[in-house]
Every structure is written in structure tokens, then in C-alpha cells.
Amino acid sequence: MAGRPGIRDIARLAGVSEATVDRVLHGRPNVRSSTVERVLKATADCRYLSDEDLARLTRPERLRLTVVLPASANPFIRSLNAELRAWAQLRDRGVRIHSFLTDALNPAAMAASLRRFGRRSDALAFFGVDHPEVCETVNALTDSGKLVLTLISDISGSRRRAYIGIDNLAAGRTAAYLLAKTAPLGRGALAVIAATRHYRAHVEREMGFHQLIQRDYPHLTVSETIEGQDDPVTNMRLTLEMLETTPDLRGIYNVGGSSEGIGMALQRSGRAGQVQLIGHGLGPGTRRLLQDGTMMAVFTQRTKTLLEVMLDQLHAPSLPSLLPMQIVFPTNLPAEEGFGAPP
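Per numbering that gives the first Met the number 0: the sequence shown = residues 0 to 342.
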């Protein structure tokens, strides 16, 4: 067999279709046990997977995957956790999925949670907190044989298996482009609101935003980033203060969550629609802000795609691509999705 073997070679050796090989390698249900055995034998003969990955596929017991998300007031994260739990009831694929909320604004608490959950899990997926203690914990878990994934926000310099999320630098550049294009000619101010600098996703979005403004729109100024801790009440208070001190404010980019608080401040001040707002995470709150014209756009990713890619990584031999970013305007609001039936 010339070159590195592939799915087609495994299918030929096992006498099955390439689609069946894909189902087996990703742990999907509805494949006869005898067929699974043939595919796994062919996979071993081809040396398509490492011994560790092959062992995961042949392990008789169900894997335990623990998902750790921030215990914040961010409505999008809370909605994601609820959707994850509903979705997990519809997916078997040899995996038991459990989710927990923890204090992600406290890196020591996040590291402690990962160590605690790691003792009784085969794999962990978590909203990345970019801090040395968290990085050390991830490396220790990986060295002990645990599979570790970061969701939505990555961490620097760790040996985690994969990051699952959008290109956050590109998101920041796109927000800058949209807000700059809607600002009137001449000078004006833009602002960035984040949750915490411990979230690499927020830092990257902010970096992308500043890079494009400095390069292409130097006539616009960007106020110093304020941190609202992903809390709607805090975001509202800080936005009201900023509106008073920045009369030429033209646009706000919320790189984190809880855009609802920012929207409330714009409405209370009478500047909704005058100061353009772009944020992340499509949910009931941001949907309403789009519908009433308070938000210009929401950047998001399809939740079920995020979760399916996460589950695929338990068995996939290759790393995932960045998730496609969706830009939702008031004119293209998608129908609300539910998890009542599998896609």
C-alpha cells in the first residue's frame, strides 16, 4: 500500500463503504458489531490510527466526557449549557456527557475544577481561561492520558488536544469594518467591552478590532476597553457612564456576552440605533435586541456544530478546522432551533 493509508483503503480491506468506516471511526451508532470489528481490524492493519486512538475505539465501556463552562450571568453561556444537556440525551456514540458551571473569572477555581473533574473523566472540554495555573493543569491532565479540549476560547502554550471555536481575530476585524463603515465621515469614537483579559477569545477579538481600525480607519478613536465581567447589570452601568463621558461615541463592540445590559443602557439614554452595537452569541436576549434595532449584528456559531465537533474529537485522528462564524443581522434572523429531534 503506497503512501499513508486512508478511509478508502480501510473500506476496501473491511469490505464496507467509506461512509460506514466514517461512522465507526467517529463512534456513531447503528453499525452492527461484526461490521465494527471488521473496520477496526482493517484500521489496525493499515496503522491508520495510533495505538492510543485505536484503544479508545475498542474500549468496551462508555467514555465519560465532562464539559466545564463559566458560571457567569452571561445568558448565552447558560443557554449553551441547557442546550448541551438536552443534546446529550440524544447522542450516545459510546459517551456519557456531563456538564458543570464553575467560576471561570477565578483561574485558580477553574484549575481546581479541572483537576477534580479530571479524576473521574476520560476527556474534558472547557471554556478556556488563559492563565499559567490553568495551562499547567491542562498539561498535567494530558500527560496522565486525559483528552482535553478548549471550547469558544483557547489557552496559550498548553498541550490540549484541540480548540473548537471561531477565528476570533477575524471576528474582531469584521466588527471593526462594520462599525467603521457605519460611522459618519470625520472623527468619532468606538468602544470595546470585554468580560476579562483571562479569556483569550476576548483578547483576540479586541486585537483584531484595533488592528483594522489603526490600519484602515485612523480618523476613528477607540476608547480604553472596559471589563464588565459578562454581567448584564455591570455592562449597563459601565455603558451609561461611557455614554456620558464620550458624546461622540458611534459604535460599541462587545467581545464577550451579556449584550442585554449594554442594549438597556442605549435604550435608557435614548441613543439606541444612534450608537451601533455588535456583540457575540445569538440567544433570546440578543435576538430581541436585533429585532428592535438596538443591535446592528450578532456574531455566533451554530451550537449543534460546536457540540458535534467536540464529540468527534474523542475519536477523530485529525484536528478540527475553525468553526464557521455566522453574522446575524435583523434582516436574516434564523428560526429558533430546538433539540426535540436529532438533525
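Note that CB positions come from ideal geometry on N, CA and C, so glycine has one too.
Give me, in chain order, the residues of the same chain whose beta-carbon lies closer than 8 Å to that of leucine 148; leave out the 5 immediate sequence neighbours on both sides. Ala122, Leu123, Ala124, Phe125, Arg159, Arg160, Ala161, Tyr162, Ile163, Met309 and Gln312.
So what does DSSP say about glutamine 228, is it helix, strand or coil? In the structure shown, glutamine 228 sits in coil (DSSP, three-state: anything other than H, G, I, E or B).
Over what stretch of residues does the beta strand (DSSP E) that includes histidine 97 continue unbroken? Note, histidine 97: beta strand (DSSP E), 94-101.
Tell whether a beta-carbon distance below 8 Å holds between glutamine 300 and methionine 324. Taking 8 Å as the cut-off, the beta carbon of glutamine 300 is found closer than this to the beta carbon of methionine 324.
For threonine 299, which three-state DSSP category applies? Here threonine 299 sits in strand by DSSP.
Between which two residues does the alpha helix (DSSP H) containing glutamine 75 stretch? In the sequence as displayed, the identity of residue 75 is phenylalanine instead of glutamine. DSSP places phenylalanine 75 inside the alpha helix (DSSP H), whose first and last residues are 74-87.
How many angstroms separate the CA atom of alanine 72 from the CA atom of leucine 113? Roughly 21 Å between the two C-alpha positions.
Nearest-angstrom Cα separation, counted from valine 221 out to alanine 188: Distance between the alpha carbons of alanine 188 and valine 221 is about 6 Å.
First and last residue of the alpha helix (DSSP H) that includes asparagine 105? That residue, asparagine 105, is in no alpha helix (DSSP H); it is neither H nor E in DSSP.
Hey, quick one: how far does the alpha helix (DSSP H) through asparagine 138 stretch, first residue to last? Looking at the DSSP string, the run of the alpha helix (DSSP H) that includes asparagine 138 is 131-142.
With three or more C-beta pairs closer than 8 Å as the rule, is the stretch 254-271 touching the stretch 222-240? Because the criterion of three Cβ pairs below 8 Å is met, the stretch 222-240 and the stretch 254-271 touch.
Rounded to whole angstroms, what is the Cα-Cα separation between glycine 185 and glycine 227? C-alpha separation (whole angstroms): 29 Å.
Nearest residue (CA-CA) to valine 67, options Leu53, Glu307, Gln210 and Ala108: Nearest C-alpha to valine 67: Ala108.
Helix, strand or coil for threonine 293? Go by DSSP, reduced to three states. Three-state result, threonine 293: coil.
Of all the alpha helix (DSSP H) runs that stay within the bounds of the stretch 145-232, which reach a length of 4 or more residues? Listed in chain order, they are 167-181 and 199-215.
Three-state secondary structure (DSSP) of phenylalanine 116: Helix, per DSSP.
Exposed or buried, proline 231, counting other C-beta atoms within 10 Å across all chains shown (16 or more means buried)? With 16 or more Cβ atoms within 10 Å of its Cβ, proline 231 is classed as buried.
State the beta-bridge partners of tyrosine 47 as determined by DSSP. Answer is none; tyrosine 47 lacks a bridge partner.
Go ahead and pull the three-state DSSP assignment for asparagine 253. Residue state for asparagine 253 is assigned as strand, using DSSP reduced to three classes.
Apply the 10 Å Cβ neighbour rule to proline 106 and answer buried if 16 or more other Cβ atoms are within range, or exposed otherwise. Buried is the call here.
Between the alpha carbons of arginine 61 and histidine 197, how many angstroms are there, rounded? C-alpha separation (whole angstroms): 33 Å.
Candidates Leu242, Arg287, Glu36 and Thr302: closest to glutamine 273 by CA position: Out of Leu242, Arg287, Glu36 and Thr302, Leu242 has the C-alpha closest to the C-alpha of glutamine 273.
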